[in-house]
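K.L.:
I'd like to ask some things about the structure below.
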Amino acid sequence: MSPPHSPQKSGNSGTTTSVFSDVAPGARRFGVVGWPLDYSLSPAMHNAAISFLGFNAAYRALRVSPDEWEGFAKNVDLDGFNVTIPYKEKVLALAQSLAGNVAVCRAANTLVRRSDGWEAHNTDGPGLLEDLRDHAMAWEGKSVVLLGAGGAARAALFALGPGARFITLVNRSLDRALGLAKEYEEAGGKGEVRVFQDIETSLRGADLLINATAVGLKAGDPSPVPERCLRQGLSLYDMIYHRETALVAAARATGARAVGGLGMLVNQGALGFELWFKDDLKKVKCDPRLLRKIMGDAARAALNKTS
Ligand SMILES: NC(=O)c1ccc[n+]([C@@H]2O[C@H](COP(=O)([O-])OP(=O)(O)OC[C@H]3O[C@@H](n4cnc5c(N)ncnc54)[C@H](OP(=O)(O)O)[C@@H]3O)[C@@H](O)[C@H]2O)c1
Numbered sequence: 158m159s160p161p162h163s164p165q166k167s168g169n170s171g172t173t174t175s176v177f178s179d180v181a182p183g184a185r186r187f188g189v190v191g192w193p194l195d196y197s198l199s200p201a202m203h204n205a206a207i208s209f210l211g212f213n214a215a216y217r218a219l220r221v222s223p224d225e226w227e228g229f230a231k232n233v234d235l236d237g238f239n240v241t242i243p244y245k246e247k248v249l250a251l252a253q254s255l256a257g258n259v260a261v262c263r264a265a266n267t268l269v270r271r272s273d274g275w276e277a278h279n280t281d282g283p284g285l286l287e288d289l290r291d292h293a294m295a296w297e298g299k300s301v302v303l304l305g306a307g308g309a310a311r312a313a314l315f316a317l318g319p320g321a322r323f324i325t326l327v328n329r330s331l332d333r334a335l336g337l338a339k340e341y342e343e344a345g346g347k348g349e350v351r352v353f354q355d356i357e358t359s360l361r362g363a364d365l366l367i368n369a370t371a372v373g374l375k376a377g378d379p380s381p382v383p384e385r386c387l388r389q390g391l392s393l394y395d396m397i398y399h400r401e402t403a404l405v406a407a408a409r410a411t412g413a414r415a416v417g418g419l420g421m422l423v424n425q426g427a428l429g430f431e432l433w434f435k436d437d438l439k440k441v442k443c444d445p446r447l448l449r450k451i452m453g454d455a456a457r458a459a460l461n462k463t464s
């Protein structure tokens, strides 16, 4: 971990100055930092909640290239921020403390300013668990197949692993899945993790299938799972939230329960919002369900605008 980073605002990076130029002085400043960050629903979700609750704050998309990252990290002129691809692991170097399972998962998406420095959280995993619970999709004591071995799969593995009977990782690049399973084991992750290359074998007797690959992100993407592997009794959670994917459509056609990833996105955002605005939310007595509804409605409206 790097030496403590002063959480005090001092000067600012050029990146943040321009995107907050329309914001009144004194407003608290938040954002999502990523690259290329082509399109993010986070500003719509957070600004809708800020506006509904009447908080004096603003949330912006901050495109920070890998060349600009060091400069940005040296002097973060924000009250709190999210990070996305490619900074979820790199951002740990900024953190003075790691909350929840960040120390084992080694990836964060939410940074909270504390008096002694930045505190790193990962709300992706808890956001997924919350949405699985909301849809009565059980993972505790169940056999879970996790497709993918990137950042989203990592968050899911560390969140689901301790409760599941076992997790089977399946990924296009076998080495990456083997590496993730090894990291999980070395981090002392509870539960059994298997790695399979063959999706059909891995799904035999499985209870829950989670798609954490990027397949489905582009309109017209095929399903990453052959139709013959889908059946009633298998629950599917597809992290893609942009549309009903071919995988979700195929699963529903077999009578299987299938859910897209918008709820996870909304929950991870709401959990971050609750960390940043904890005291303010207490004052206005905001019901967590109402916060998720406001953020979810805003995310759906923003998605509809782009599709
Ligand atoms: N709902 C939510 O809140 C939420 C949160 C995070 C992410 N997501 C979604 O989850 C997806 C993955 O995100 P990430 O951050 O994990 O990305 P990432 O780190 O880039 O990982 C991408 C994963 O997708 C696999 N993949 C990509 N193209 C593929 C293809 N054509 N065939 C088979 N596998 C393919 C990769 O396999 P290889 O290892 O073989 O390259 C890897 O496992 C994205 O679509 C993102 O939108 C949703």
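Position 40 (the sequence shown) corresponds to 197 in the numbering used here; numbering is contiguous. C-beta: ideal position from N, C-alpha, C; glycine also. Being a predicted model, the structure only gives us computed values, none of them experimental.
Give the C-beta separation of Leu393 and Arg414 to the nearest angstrom, bearing in mind that I take them to be a contact with Cβ-Cβ under 8 Å.
P.N.:
At roughly 7 Å, the Cβ-Cβ gap stays under 8 Å, so Leu393 and Arg414 are in contact.
K.L.:
Tell me which same chain residues have a C-beta within less than 7 Å of the C-beta of Trp192, skipping the five on either side of it?
P.N.:
So the qualifying residues of the chain are Arg220, Val221, Ser222, Pro223 and Pro243.
K.L.:
Quick check: the Cα distance between Leu218 and Pro319, rounded to an integer number of angstroms?
P.N.:
Looking at the sequence itself, residue 218 is Ala, so the reference to Leu does not match. Each residue's alpha carbon lies about 34 Å from the other.
K.L.:
Assuming Leu331 contacts Asn368 (C-beta within less than 8 Å), just tell me the rounded distance between them.
P.N.:
With 8 Å as the limit, Leu331 and Asn368 do not qualify as a contact, their Cβ atoms being about 18 Å apart.
K.L.:
From Lys231, Arg361, Cys386 and Val423, pick the residue whose C-alpha is nearest to that of Pro445; which is it?
P.N.:
Minimum Cα distance to Pro445 is reached at Val423.
K.L.:
Give a yes or no on whether the C-beta atoms belonging to Tyr341 and Val350 are separated by under 8 Å.
P.N.:
Yes, the pair counts as a contact, with Cβ atoms nearer than the cut-off.
K.L.:
Indicate whether the contact test is met: 3 or more Cβ pairs, each with one atom in the segment 293-307 and one in the segment 438-454, closer than 8 Å.
P.N.:
Result no; under three Cβ-Cβ pairs closer than 8 Å.
K.L.:
Between which residues of its own chain and Pro381 is the CB-CB distance below 7 Å, once the five residues before and five after are set aside?
P.N.:
Closer than 7 Å at the Cβ level, and outside the excluded window around Pro381, lie Leu304, Asn368, Thr370, Val372 and Leu404.
K.L.:
Ends of the beta strand (DSSP E) at Val423?
P.N.:
That residue, Val423, is in no beta strand (DSSP E); its alpha helix (DSSP H) goes Leu419 to Trp433.
K.L.:
Let me make sure I understand the geometry here. Which of Ser208, Lys375, Phe238 and Arg388 has the alpha-carbon closest to that of Leu251?
P.N.:
Residue Phe238 is the option with its Cα nearest to Leu251.
K.L.:
If I'm right that Phe212 touches Asp437 with Cβ under 8 Å, what's the distance once you round it to whole angstroms?
P.N.:
Sure, about 6 Å apart at Cβ, within 8 Å.
K.L.:
For Thr463, which residues in the same chain have their Cβ closer than 7 Å to its Cβ, ignoring the five residues on either side in sequence?
P.N.:
Once the five neighbours on either side are set aside, the close Cβ partners of Thr463 are Tyr196.
K.L.:
Only counting the same chain, and skipping five residues up and downstream in sequence, which positions put a Cβ closer than 7 Å to that of Pro379?
P.N.:
So the list reads Ala403, once near-sequence residues are dropped.
K.L.:
Starting from His203, follow the alpha helix (DSSP H) in both directions and report where the run begins and ends.
P.N.:
From DSSP, the alpha helix (DSSP H) with His203 extends over Ser199 to Leu210.
K.L.:
I need the boundaries of the alpha helix (DSSP H) containing Ile468, first residue and last residue.
P.N.:
This structure cannot settle anything about residue 468, because the visible part of the chain is limited to 158 through 464.
K.L.:
Phe323 bridges to which residues according to DSSP?
P.N.:
According to DSSP, which records beta bridges pairwise, Phe323 is partnered with Ser300 and Glu349.
K.L.:
Please state whether the Cβ-Cβ distance between His278 and Leu432 is less than 8 Å.
P.N.:
In contact: His278 and Leu432 (Cβ atoms closer than 8 Å).
K.L.:
Alpha carbon to alpha carbon, what distance is there between His399 and Ser359?
P.N.:
Cα to Cα, Ser359 sits roughly 27 Å from His399.
K.L.:
What separation, rounded to the nearest whole angstrom, lies between the Cα atoms of Phe209 and Val189?
P.N.:
Going by the C-alpha atoms only, they are around 20 Å apart.
K.L.:
Which full runs of the beta strand (DSSP E) of 3+ residues lie inside the segment 354-420, going along the chain?
P.N.:
Here the runs fully enclosed are 365-368, 392-395 and 415-417.
K.L.:
Put Phe177 into one of helix, strand or coil per three-state DSSP.
P.N.:
Coil at Phe177, not helix or strand.
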